[in-house]
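K.L.:
Got a structure for you, written out below as structure tokens; questions coming shortly.
There are 4 protein chains.
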Amino acid sequence: MRNVNAILLLSCADSKGLVAKVSDFIFRHDGNIVHADQYTSKADKLFFMRVEWELKGFALQREEIFSAFAPLAEQCKMKWDLHFTDYVPRVAVFVSKHLHCLHDLLLRRHMGELGAEIEAVISNHEDARDLVEQFGLKYFYFPVTQKNKKQQEDSELALLEELKIDFIVLARYMQVLSGEFLKYYPGRIINIHHSFLPAFAGSNPYQQAYDRGVKIIGATAHYVTEQLDEGPIIAQDVIKISHRDAVGDIQRKSRDLERIVLARALRLHLENKILVHGSKTVVFE
Amino acid sequence: MRNVNAILLLSCADSKGLVAKVSDFIFRHDGNIVHADQYTSKADKLFFMRVEWELKGFALQREEIFSAFAPLAEQCKMKWDLHFTDYVPRVAVFVSKHLHCLHDLLLRRHMGELGAEIEAVISNHEDARDLVEQFGLKYFYFPVTQKNKKQQEDSELALLEELKIDFIVLARYMQVLSGEFLKYYPGRIINIHHSFLPAFAGSNPYQQAYDRGVKIIGATAHYVTEQLDEGPIIAQDVIKISHRDAVGDIQRKSRDLERIVLARALRLHLENKILVHGSKTVVFE
Amino acid sequence: MRNVNAILLLSCADSKGLVAKVSDFIFRHDGNIVHADQYTSKADKLFFMRVEWELKGFALQREEIFSAFAPLAEQCKMKWDLHFTDYVPRVAVFVSKHLHCLHDLLLRRHMGELGAEIEAVISNHEDARDLVEQFGLKYFYFPVTQKNKKQQEDSELALLEELKIDFIVLARYMQVLSGEFLKYYPGRIINIHHSFLPAFAGSNPYQQAYDRGVKIIGATAHYVTEQLDEGPIIAQDVIKISHRDAVGDIQRKSRDLERIVLARALRLHLENKILVHGSKTVVFE
Amino acid sequence: MRNVNAILLLSCADSKGLVAKVSDFIFRHDGNIVHADQYTSKADKLFFMRVEWELKGFALQREEIFSAFAPLAEQCKMKWDLHFTDYVPRVAVFVSKHLHCLHDLLLRRHMGELGAEIEAVISNHEDARDLVEQFGLKYFYFPVTQKNKKQQEDSELALLEELKIDFIVLARYMQVLSGEFLKYYPGRIINIHHSFLPAFAGSNPYQQAYDRGVKIIGATAHYVTEQLDEGPIIAQDVIKISHRDAVGDIQRKSRDLERIVLARALRLHLENKILVHGSKTVVFE
Chain V
0 MRNVNAILLL
10 SCADSKGLVA
20 KVSDFIFRHD
30 GNIVHADQYT
40 SKADKLFFMR
50 VEWELKGFAL
60 QREEIFSAFA
70 PLAEQCKMKW
80 DLHFTDYVPR
90 VAVFVSKHLH
100 CLHDLLLRRH
110 MGELGAEIEA
120 VISNHEDARD
130 LVEQFGLKYF
140 YFPVTQKNKK
150 QQEDSELALL
160 EELKIDFIVL
170 ARYMQVLSGE
180 FLKYYPGRII
190 NIHHSFLPAF
200 AGSNPYQQAY
210 DRGVKIIGAT
220 AHYVTEQLDE
230 GPIIAQDVIK
240 ISHRDAVGDI
250 QRKSRDLERI
260 VLARALRLHL
270 ENKILVHGSK
280 TVVFE
Chain B
0 MRNVNAILLL
10 SCADSKGLVA
20 KVSDFIFRHD
30 GNIVHADQYT
40 SKADKLFFMR
50 VEWELKGFAL
60 QREEIFSAFA
70 PLAEQCKMKW
80 DLHFTDYVPR
90 VAVFVSKHLH
100 CLHDLLLRRH
110 MGELGAEIEA
120 VISNHEDARD
130 LVEQFGLKYF
140 YFPVTQKNKK
150 QQEDSELALL
160 EELKIDFIVL
170 ARYMQVLSGE
180 FLKYYPGRII
190 NIHHSFLPAF
200 AGSNPYQQAY
210 DRGVKIIGAT
220 AHYVTEQLDE
230 GPIIAQDVIK
240 ISHRDAVGDI
250 QRKSRDLERI
260 VLARALRLHL
270 ENKILVHGSK
280 TVVFE
Chain X
0 MRNVNAILLL
10 SCADSKGLVA
20 KVSDFIFRHD
30 GNIVHADQYT
40 SKADKLFFMR
50 VEWELKGFAL
60 QREEIFSAFA
70 PLAEQCKMKW
80 DLHFTDYVPR
90 VAVFVSKHLH
100 CLHDLLLRRH
110 MGELGAEIEA
120 VISNHEDARD
130 LVEQFGLKYF
140 YFPVTQKNKK
150 QQEDSELALL
160 EELKIDFIVL
170 ARYMQVLSGE
180 FLKYYPGRII
190 NIHHSFLPAF
200 AGSNPYQQAY
210 DRGVKIIGAT
220 AHYVTEQLDE
230 GPIIAQDVIK
240 ISHRDAVGDI
250 QRKSRDLERI
260 VLARALRLHL
270 ENKILVHGSK
280 TVVFE
Chain C
0 MRNVNAILLL
10 SCADSKGLVA
20 KVSDFIFRHD
30 GNIVHADQYT
40 SKADKLFFMR
50 VEWELKGFAL
60 QREEIFSAFA
70 PLAEQCKMKW
80 DLHFTDYVPR
90 VAVFVSKHLH
100 CLHDLLLRRH
110 MGELGAEIEA
120 VISNHEDARD
130 LVEQFGLKYF
140 YFPVTQKNKK
150 QQEDSELALL
160 EELKIDFIVL
170 ARYMQVLSGE
180 FLKYYPGRII
190 NIHHSFLPAF
200 AGSNPYQQAY
210 DRGVKIIGAT
220 AHYVTEQLDE
230 GPIIAQDVIK
240 ISHRDAVGDI
250 QRKSRDLERI
260 VLARALRLHL
270 ENKILVHGSK
280 TVVFE
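Right under this line is the structure:
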């Protein structure tokens, strides 16, 4: 149990004493807080907290923590989650024909910095198979047509369940997932959009950026919701362009952005640093 | 005539020999080119060039250059302008109640880095009068209502003509100028918009950015056209925000951005480094 | 007492229960925490905390808080400070001949965003007098020579004491303050250095940057210590340059950076968001 | 010969008519210039130019261009190079144990955006062998000790010559190449340094950055010269850090920077956009 930490992510209506109550719970059981971050949204009178403490020396076994904390959570009507830093989330990556984000994830995994295991790469094309298998990972091909979409999604869901997938990354997956599908992974699907949302939502943002003559382009990682390109934003970044950049140059420059922004968002999620707050996120960096 | 340079800004249909012909024109008259920049838009088959050379040692008097270059310009059907670096453009600044951009321009002028003279500050409010007069500049108050707008614009135009204004800066001016007004200063009015256009066009972009939960905000300087917030973009920049930033914080952070972006755009314009290309700009930085 | 908050800034050896004890102190007296931030430096086993709560509804009068908290502080051997958000710090700005940072501070004050009052502008030159007096502020001229330095510093210290100055900003002040002088304002003098420290420490960093051919320049705001340019860094920022930028261009670009970075550092200090940690800072943004 | 361009990179003492003479040379032979960029260093009175034109329709065969241009080059005492855009440079990548930059290059090659062929990966360790061979590339292991260094460098040089290597990338290669070695590839070796040079030159810049408490870290790509970490800088970029970032976090954040900066520098070099100017670079972006 050396070096393993517990993380509480919680939100509730704001009231006096919340920091005291939560930190006291940990202190009473001999826990040592290593990170604590708190945010109060005045507009909504909501309280958000992330607290991380060492299990080493903590008086409760990890399986006892949930029930020990539940009464306080109930009293304050918290929405809350409990995580442990030694759990390795099981991730599925969805991809189509643009492979730079997938590449990037494969290399981060190879360097040991991903913080998750890629249990499956799922695609509506065969383009990525060789690369994925070369890294010793499993590749699943689900070609999607208008006709078979429902059926393919059902098959995908079955596979995801079988593989006990915790989390889905859409690494430039060019199919829209149905609302039905999304219900199974609420707040557990991240997409990378290749523009600085809300600018250039929809298709072909590179061309849109070129046509409008912007001097900066961006990329946006967000949780997926039924409203396309409108899910809670996790991370964004930008890069300068000029009149000299044709659509192909914009695309090339954007690829680096997309890789970095997706990786950053994924890291924040996997380190349990994000709380969703309506259509927005609270990110405890 | 020491240290004065001439600048040619030109565009025309692309064809072979354009760089050679223009640089030969300068060489034949003993000119020394200090900057030359060229861009060919393949999509439109258009050629853009900016060339700057020293008048010192140049065989033509500055008043002879125009007519000497005209035949070549005509032959190639160029759109072109000729500028001299010792001319100090006469600028009018329009402002309403948010004074940070005006402030910034006043200080750059005071530091001698503006590259223009502010001949008038024009406002639909009295808020900026004291500050402007404190710096020894002229302030003109034109309150605008739905009823008197046409009449006030006519008075403003008369004033601008009387003051021989070359160029107008909308430094957070909260009135929309009529198409009629704009015709008198085509490509000679710069606006600073307090968002990363095309995101959050229209009113209250700070609130829009807050509501959408973006992680980065921006500012955009552009030439003013009849299509509000759609004129050719000159410069943009961005700054990071987080969930902790309330609308007031976004506003404060944006103020610094707006100052910097407006100043950068103005400098590029005043140094004759911009060519307008349809709804876009070619910026020779 | 509406809308006034109390802020505790504290550091001590790390031990279990520190967050709980501090937040419990506030909760016991009916305080509502609006911000709490905590950081544990594992390397040094040090604990740092900033906690802000509303005085409205708090059971202690503001003058009682200090003595009520002192026992806990003593028990944990804390270094600590208590601040109130309605206190307007009294600032002295030192300046020489480069006035852009002073300008910027004057304008932020004029816009009401400074969060402090400028009680004196002190200079070893007369260059800034007109500007300062134009804004209705007091200007003090202390020409410094090798011979009179000690004596002038004594006079400055007497003036600062008379004016009850809390904090000093060196806004491009070109004199080195003596160790003697610094002792009177430990951790209460901010300097803006016109390079990305530790690169180009010492004199004429613009020229140094030009000579080295770097592609990015920076500015650094730091607390002043006896080791010149080695004090704890508060804020830094950078801007791109190219081979086209002569020393004068680097200087002009840097000016905007210096203004922004100094303003950011000053804001962080005035909002009591900084704890000094040896030669480094903990900044709770 | 469709779509192939010729590129001239040249520098010489500044004099009148250089742009005219070069562009006239191209025009006289029916060439269509697609890019022309020029820079005059006033301090040194040196002229730098990059001009790119289409071979399609050009009156000279590509093998005739060199001798046709030589007289003008001689007359103006130019240093010059001629390149063609369809030549694929042959690159050797040197690497030790940190593989993120190598990874990145492998993926850019796999995506077809590298603009060069990686003919060899050379290392003083075996760590990268599997990865490199997995991508079907050749891996050469040259363990270096103090004793065998001269001999190993000789073997490396022989290999490089045999493979007709044009250009070397030090992708976090932890050995210092001898002056002897460097003579064989003057201006043809790029290194990525994991700091914002000249800050934190030498070893372990991550630790140095941590110890100094900077708020921004950087990476620098430069040509390698005998003076370690002092070669002409090609590209730099930075990322923000905070007190929360331990050395490991700085390392992780820096890795992304290093990948991007090295890739950018390599692209600029491979597109023949760089002229070395003493200890600095002229980069025609």
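Chains as they are written, first to last, in numbering that gives the first Met the number 0: chain V, 0 to 284; chain B, 0 to 284; chain X, 0 to 284; chain C, 0 to 284. Where a beta carbon is used, it is the ideal one built from N, C-alpha and C, also for glycine.
Starting from the beta carbon of residue 37 of chain V, find every residue of chain C whose beta carbon is closer than 8 Å, and list them in chain order.
P.N.:
Ordered by position in chain C, no residue passes the 8 Å Cβ test against residue 37 of chain V, which lies about 15 Å from the chain.
K.L.:
Does the distance from the C-beta atom of residue 113 of chain V to that of residue 107 of chain V stay below 7 Å?
P.N.:
Contact flag set, yes.
K.L.:
Pull the bridge partners of residue 31 of chain X from the DSSP assignment, please.
P.N.:
Note: residue 31 of chain X sits in a beta bridge opposite X/53.
K.L.:
Pull up the distance between the alpha-carbon of residue 51 of chain C and that of residue 33 of chain C, whole angstroms please.
P.N.:
In a straight line, the C-alpha of residue 51 of chain C is about 6 Å away from that of residue 33 of chain C.
K.L.:
Distance cutoff 7 Å, beta carbons only. Does residue 15 of chain X sit that close to anything in chain A?
P.N.:
Absent from the structure is chain A; the protein chains it does hold are V, B, X and C.
K.L.:
Would you mind telling me which residues of chain B sit closer than 8 Å to residue 255 of chain X, beta carbon to beta carbon, in chain order?
P.N.:
What residue 255 of chain X touches in chain B: 259 and 262.
K.L.:
In whole angstroms, what is the alpha-carbon distance linking residue 40 of chain V and residue 280 of chain V?
P.N.:
The straight-line gap from Cα to Cα measures roughly 12 Å.
K.L.:
Is the shortest distance between the beta-carbon of residue 106 of chain X and the beta-carbons of chain B less than 7 Å?
P.N.:
Yes, because at least one Cβ of chain B sits closer than 7 Å to the Cβ of residue 106 of chain X.
K.L.:
By how many angstroms is the C-alpha of residue 276 of chain B removed from the C-alpha of residue 20 of chain B?
P.N.:
Each residue's Cα considered, the two are about 22 Å apart.
K.L.:
Just tell me which of B/86, B/168 and B/3 has its CA closest to the CA of residue 185 of chain B.
P.N.:
Out of B/86, B/168 and B/3, B/168 has the C-alpha closest to the C-alpha of residue 185 of chain B.
K.L.:
Given a cut-off of 7 Å on the beta-carbon distance, is the pair residue 99 of chain V and residue 57 of chain V in contact?
P.N.:
Not in contact: residue 99 of chain V and residue 57 of chain V (Cβ atoms no closer than 7 Å).
K.L.:
Could you list the residues in the segment 6 to 31 of chain C with a C-beta less than 9 Å from some C-beta on chain B, going in chain order?
P.N.:
The residues in question are 13, 14, 15, 16, 17, 18, 19, 20, 21, 22, 23, 24, 25, 26, 27, 29, 30 and 31.
K.L.:
In the DSSP output, which residue or residues are listed as bridge partners for residue 89 of chain B?
P.N.:
Partner(s): B/116.
K.L.:
When the Cβ atoms of the segment 217 to 235 of chain B are set against those of the segment 208 to 217 of chain V, are three or more pairs found closer than 8 Å?
P.N.:
Flag = yes, the segment 217 to 235 of chain B and the segment 208 to 217 of chain V touch.
K.L.:
Mind listing, in chain order, the continuous beta strand (DSSP E) runs of no fewer than 3 residues lying wholly within the segment 60 to 107 of chain B?
P.N.:
Qualifying beta strand (DSSP E) stretches, in chain order: 78 to 83 and 89 to 94.
K.L.:
Under 7 Å, Cβ to Cβ, is there at least one residue of chain B near residue 235 of chain X?
P.N.:
Cβ-Cβ to chain B under 7 Å: no for residue 235 of chain X.
K.L.:
Here's the rule: buried if 16 or more other CB atoms are within 10 angstroms of the residue's CB, otherwise exposed. What is residue 175 of chain C?
P.N.:
Its Cβ having fewer than 16 others within 10 Å, residue 175 of chain C is exposed.
K.L.:
Which residue from C/127, C/72 and C/83 puts its Cα closest to that of residue 94 of chain C?
P.N.:
That would be C/127, whose Cα lies nearest to the Cα of residue 94 of chain C.
K.L.:
Going straight from the alpha carbon of residue 37 of chain B to that of residue 2 of chain C, what length do you get?
P.N.:
Computed Cα separation, rounded: 20 Å.
K.L.:
How would you write the range of the alpha helix (DSSP H) that residue 268 of chain B sits in, first residue to last?
P.N.:
Segment 246 to 269, the alpha helix (DSSP H) holding residue 268 of chain B.
K.L.:
Can you find a CB in chain B that lies within less than 7 Å of the CB of residue 0 of chain C?
P.N.:
Low confidence applies here, because residue 0 of chain C scores a pLDDT of 46, under 50, leaving its location unreliable and the question unanswered by this model.
K.L.:
May I have the straight-line CA-CA distance separating residue 135 of chain B from residue 129 of chain B, to the nearest angstrom?
P.N.:
Near 10 Å, if we compare the C-alpha coordinates of residue 129 of chain B and residue 135 of chain B.
K.L.:
How would you call residue 250 of chain V, buried or exposed, if buried means at least 16 neighbouring beta carbons within 10 angstroms?
P.N.:
Flag for residue 250 of chain V reads buried.
K.L.:
Starting from residue 148 of chain B, follow the alpha helix (DSSP H) in both directions and report where the run begins and ends.
P.N.:
Segment 148 to 161, the alpha helix (DSSP H) holding residue 148 of chain B.
K.L.:
Taking C-beta pairs closer than 7 Å, name the residues in chain C that residue 179 of chain V reaches, listed in chain order.
P.N.:
None at all; the shortest Cβ gap to chain C is about 34 Å.
K.L.:
Nearest CA to the CA of residue 10 of chain C: which residue from C/131, C/78 and C/68?
P.N.:
Nearest C-alpha to residue 10 of chain C: C/78.
K.L.:
Please state whether DSSP places residue 280 of chain V in a helix, a strand or coil.
P.N.:
Residue 280 of chain V: strand per DSSP, three-state reduction.
K.L.:
Closer than 8 Å is the cut-off here; do at least three beta carbon pairs connect the segment 261 to 269 of chain C with the segment 199 to 209 of chain X?
P.N.:
Contact between the segment 261 to 269 of chain C and the segment 199 to 209 of chain X is absent, because fewer than three Cβ pairs lie under 8 Å.
K.L.:
Measuring straight from C-alpha to C-alpha, what distance separates residue 91 of chain X and residue 109 of chain B?
P.N.:
Rounded to the nearest angstrom, the two C-alpha atoms are 22 Å apart.
K.L.:
Thinking just about the alpha-carbon of each residue, which of X/247, X/283, X/242 and X/84 is nearest to the one in residue 274 of chain C?
P.N.:
Checking every option, the nearest Cα to that of residue 274 of chain C belongs to X/242.
K.L.:
So that I know if they touch, is there some Cβ in chain X lying closer than 7 Å to that of residue 213 of chain V?
P.N.:
Not one chain X Cβ lies under 7 Å of residue 213 of chain V.
K.L.:
In chain order, what residues of the segment 84 to 98 of chain V put their CB closer than 8 Å to some CB of chain C?
P.N.:
Of all residues in the segment 84 to 98 of chain V, 98 have a Cβ within less than 8 Å of some Cβ in chain C.
K.L.:
Taking only beta-carbon positions, decide if residue 282 of chain B is within less than 7 Å of chain C.
P.N.:
No, residue 282 of chain B lies away from the interface with chain C (no Cβ there is under 7 Å from its Cβ).
K.L.:
Consider the Cβ of residue 208 of chain C: report whether some Cβ of chain X lies at a distance smaller than 7 Å.
P.N.:
No, because no Cβ of chain X sits closer than 7 Å to the Cβ of residue 208 of chain C.
K.L.:
Which residue's Cα is closest to the Cα of residue 159 of chain C: C/76, C/96 and C/138?
P.N.:
Checked all of C/76, C/96 and C/138; the closest Cα to residue 159 of chain C is C/138.
K.L.:
At a Cβ threshold of 7 Å, is residue 279 of chain X touching chain C?
P.N.:
Chain C contact via Cβ: present.
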